[in-house]
Structure formats: structure tokens, C-alpha cells
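Asks: Structure provided below as C-alpha cells; questions to follow.
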Amino acid sequence: MTETAAFRLPRPEDGRVLIVEDNKFNRDLVAGVLSLAGITDLAFAADGAEGLVRVAEFDPDLVILDLMMPVMDGHEFLRRLKADPARQDLPVLVATAITDQDTRNATFDGGAVDYIEKPIDRRELTARVTVHLKNRLLLRHLQRFHDRLAQDLATARSMQEALLPSPTLVGEIATRYGLKVESLFTPSDELGGDLWGLIPIDDHRLAAFTADFTGHGVAASINTFRLHVLLDRLGPRADPAELLARLNAELLPILTRGQFATMAVAVIDRSDHSLTVASAGGPTPIVGRGGYIRRLPLGAPALGITPDAAFVSRRMEFPPGSFVLMYSDAMIESTDPGGAQLGEAGLAGLVAEAFAIGGDRPLAHLATALRDFSHDRVADDLTAAWLSW
């Protein structure tokens, strides 16, 4: 890996070493050997008690520890050090004249990572200290990188969730169009490729959509931002098929090979109580009213695959009491513990039950039924929007 100014792997010379040794000659010897190796950030303690104080003050990356010392010996120092959760991972190299196997075993049981016998061989000391410092500093480096990445992902997740309709918008939709909107958005990772939204067209018509990009993580999430920008630029459109065609043309040149999106768009018109739906490779929307549940087969390719894709809008009655459910394929691809897939027919059965007994929260009831079916083993991004008069 090439080192750059922005990303440099740590070196042993960057490490901090605490030498806990009561014999001044031995302290100076170890310090001299390490200094010749370029490791110069050193601290010293003459016994275990002083060593614990220096650990707190100096925050070393490695401790070189003698065993036979006054006030507090090396065994007690090890015991107290490893009892501190914040110091359990601090590597300790024991350097001692005691060579019996029982003592060696006791130091390893106490948490030491290495053992070197006195009189100290300079090359052996340099090699072992270098190895342990490399490991320690690399782990710290990776932990900092992980923490920074986790923070960045959390920020990106918040930004992605900000693309979704806010509770305020959902409330305005209910007042303006007389529609109740219930939604579900659960990425399988920190970031996902799902998105859903509401697009007011005029005082009578409202568009709703669900979209699902291939993959998970950062790349899929970036594509949801792209889609959001495109939808803003294209503006409200009353014909779902026209909107899908325009999006397909825009996405073709910017999606990389293997990337595509499934999408469903529904336009509800309260002036004539109609529903117009078009789909691009997505799962079949479900429409229902009373005890009647209907799946809408809308065959069309996904977005971003071919410039020749043809999308068709389908219009139907949508009287008061009706609902439409749009969802990602994680619902129909859910499996039970035996590996049997729920499928569209199985989902339709759960939807009918949710509509019948779910009260004013049918989608919440459906989500619970889905978790019960799959035993909480839904592996993909899960997104759904349930709109009803």
C-alpha cells in the first residue's frame, strides 16, 4: 500500500514505550537499545506501583516489565493493569532473569504478550519490541479509521433518511388529499439502495413512488441521492410511465455496469377517484378495498438497463376505502426457517389480514407478520408505503 500524507501507516518509531525496571543499569540498557532502533519516546518506572501511575500519565503503546521489584512486583502490576478495562489490550513484554516454566506460564496467564530472558540480547529485544509496536499501532490506526468511517456512515444515513417524506409532509398530505400514508424504511446495512417518496402534482393529484437500487452500502446510497436529484429536476408528472421513461434515459449514462433500479410509481387522483400505476421491474403493487385484494402485473424492465425500455401506465378506479401498497422485493423474498419464500401470493394473504385487522396501522401489522414469518431474518433493504383514503 502506498503511503501518502493523508494516509500513512504507523511505524514502530511512532510508538511510546514504558520501561518498568528497578535496576538503573537495565533501564539504561533497554533505553539505549530502543533509541538505536529509532524508538525514542520512552518513560520509566522503578517499581510496579510507580509503573501504574506512569501508565495513566504516559499512555504507552507497550510496557517492558521486570518481575522482581520492590514495593510492587511485576505479577501484581500485571494483575492490576489487566483489571482495568481501558488497559486490557495494552501489550506487556516481560523481561526477567527468572527462567522457570511455571513463572513463564504465570506471566502469560496474567496477560503478558511476550517473554524475554535476561541478560537481554539486543537484537532479540529490538525485534520483539518492533513487532509488538507495529501490531499495537496498526490496531489503533484501524480503530481510528473504523470510528471515522462509522461516523461518516452515520452522517450519510441521516442524510439519506432526510430524503424521505417528513412527518410534517405526511400530515399535510392527509389534510390536502384526504390520504393516510404509512411507511416502512429499514436498510439492511448502515446504508441502502431503497428510497420512497411523495410528490404533490396539484390540488387533486399526488404521486408516490418506491425505488430499489442494486446492492447495498455507499454505492447504492449514492444512487438514491442521484434519483432524488433527478426527480426534483424533472418535476411533478401526472403520467407514471412518462416519468419512468425520463428517469431511465437519465440513469443510463451514469449508472455503472451491473447497476440498475426497480421502481414503481402511483398517481392518486381524488377528483375522479382513480389510481394510475406504472412499474419498472419492481414487485407487483397491491391494491385493495373491503375484502378484495388485487395484485397488479406490470411487466417492464428495470431502470438503467436498456434505452429501448417501454413503460405502460395502468389506470383503475380508486374509490374511498381503497388502499395501494408499494414495497421492495425484500418482502416477497423473505423466507421462513425452512427456506420457503413468501412470494407475491403469500404477501397478498398477509396484506389482506393486515387490512382486515390492522386497524389504523395496517403496515405496522404487516411488518410484524413478516417478521414472524421470517423469524427476523429479512436480509435485504426493506421499504414500503401504504396509502389509503
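Going letter by letter, the sequence shown gives residues 7 to 395 in my numbering. Glycine included, every Cβ here is placed at the ideal spot set by N, Cα and C.
1) So, are the CB atoms of residue 49 and residue 15 less than 7 Å apart?
2) May I have the straight-line CA-CA distance separating residue 179 from residue 220, to the nearest angstrom?
3) Rank 213, 197, 323, 268 by C-alpha distance to the C-alpha of residue 225 and give the top, closest one.
4) Excluding the 5 residues flanking residue 7 on each side, which residues of the same chain have their C-beta closer than 6 Å to its C-beta?
5) Residue 300 bridges to which residues according to DSSP?
6) Below 7 Å CB to CB, which residues in the same chain sit around residue 190 once its five sequence neighbours on both sides are set aside?
7) Under 7 Å between the Cβ atoms of residue 284 and residue 271?
8) In angstroms, rounded to a whole number, what distance separates the CA positions of residue 275 and residue 341?
9) Among the candidates 392, 332, 248, whose CA atom is the shortest distance from the CA of residue 315?
10) Hey, would you say residue 217 sits closer than 7 Å to residue 204, going by beta carbons?
11) Could you have a look at residue 8 and say whether DSSP puts it in helix, strand or coil?
12) From what residue to what residue does the beta strand (DSSP E) around residue 268 run?
13) Going by Cα to Cα distance, which pick from 260, 238, 297, 328 is closest to residue 281?
14) Starting from the N-terminal side, write out each stretch of the beta strand (DSSP E) that is 3 residues or longer and does not extend beyond the segment 200 to 275.
15) Helix, strand or coil: how does DSSP classify residue 22 here?
16) Could you name the residues of the same chain whose beta carbon sits closer than 7 Å to that of residue 317, not counting the 5 residues immediately before and after it, in chain order?
17) Residues in its own chain within less than 7 Å of residue 86 by CB, not counting five upstream and five downstream?
18) Going residue by residue through the segment 162 to 201, where are the continuous alpha helix (DSSP H) segments of at least 4 residues, counting only ones entirely within it?
19) Look up residue 396 in the DSSP assignment and say whether it is helix, strand or coil.
20) Using a 10 Å radius around the Cβ and a threshold of 16 neighbouring Cβ atoms, would you call residue 142 buried or exposed?
21) Tell me the DSSP secondary structure of residue 69 in three-state form.
22) Got a sec? Which residues, its chain only, sit under 6 Å from residue 325 by beta carbon, not counting five neighbours each side?
23) Tell me the rounded alpha-carbon separation between residue 10 and residue 227.
24) Thinking just about the alpha-carbon of each residue, which of 139, 240, 269, 30 is nearest to the one in residue 207?
25) Residue 335 and residue 291 look like a contact to me (Cβ under 8 Å); what is the Cβ gap, rounded to whole Å?
Replies: So, from the listed chains and residues:
1) no
2) 30 Å
3) 197
4) Only weak support exists for where residue 7 lies, its pLDDT of 42 falling under 50; the value from the coordinates is given anyway. Contacts found: none.
5) 293
6) 369, 373, 388, 389, 390
7) yes
8) 36 Å
9) Of 392, 332, 248, the residue nearest in Cα terms is 248.
10) no
11) Because the pLDDT of residue 8 is 44, which lies under 50, any placement of that residue in the model is unreliable, and the number read from its coordinates should be weighed accordingly. DSSP places residue 8 in coil when its eight states are reduced to three.
12) 267 to 275
13) 328
14) 200 to 206, 211 to 219, 267 to 275
15) strand
16) 247, 250, 251, 284, 286, 306
17) If we look at residue 86 and ignore the five residues flanking it on each side, its Cβ neighbours are 58.
18) If only uninterrupted alpha helix (DSSP H) runs of at least 4 residues are considered, those enclosed by the segment 162 to 201 are 173 to 183.
19) Residue coverage of the chain in this structure runs from 7 to 395, which leaves residue 396 outside it and unanswerable.
20) In summary, residue 142 is buried, with 16 or more beta-carbon neighbours lying within 10 Å of its beta-carbon over all protein chains present.
21) strand
22) For residue 325, where only same-chain residues beyond five positions count, the Cβ hits under 6 Å are 279.
23) For residue 10, the pLDDT reaches just 46, beneath the cut-off of 50, and the residue's location in the model is therefore unreliable, although a value from the coordinates is still provided. So the two alpha carbons sit approximately 28 Å from each other.
24) 240
25) Rounded, the Cβ-Cβ distance is 12 Å, inconsistent with contact.
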